[in-house]
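Report on the following structure.
In this note's numbering, the protein residues as written are 1485 to 1631.
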């Protein structure tokens, strides 16, 4: 949590099993409503490595946010990149979304690298885009467009 906390407004340092259980319980309804499509990232042994999904979907503009996180013990092995590629492909095959945005805090270099490795295009810097734990942060916006 300490490594994710600076970049994720939804992740207080106290995030725990009860928070995760609540979030997981909400996902079937979100998927049914078409407001979020979240996927687990699992290792060869079936252990949880992270999560990747499309959320914050705007039906009117046919766009969504592509987000990802990988547990600290499994970073820098390509899991986030592969998960983001697979989820983007799934979204373009199974929804009518035209655009996926990857919003990454300016200071989050590892997530910026993942965005580029997925083939996303850097479009620009959004000033004060994130409010994370009471502090505004600039973000880079990357995009993937339906092939």
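For glycine and all other residues, C-beta sits at the position ideal for the given N, C-alpha and C.
Assigned with DSSP and collapsed to three states, residue 1563 falls in helix. For residue 1553, DSSP records a beta bridge to 1535. Residue state for residue 1503 is assigned as helix, using DSSP reduced to three classes. With contacts defined as CB atoms closer than 8 Å, residue 1625 and residue 1610 qualify as a contacting pair. With respect to residue 1571, residue 1550 sits close: the two C-beta atoms are nearer than 8 Å. The three-state secondary structure of residue 1540, taken from DSSP, is strand. Note on residue 1513: under 16 other CB atoms within 10 angstroms of its CB, so exposed under the neighbour-count rule.
Taking one beta carbon from each stretch, the stretch 1574-1594 and the stretch 1514-1522 have 3 or more pairs nearer than 8 Å; the two touch.
Just so you know, the alpha carbons of residue 1506 and residue 1601 end up roughly 32 Å apart. For residue 1586, the closest of 1499, 1515, 1538 and 1531 by C-alpha to C-alpha distance is 1538.
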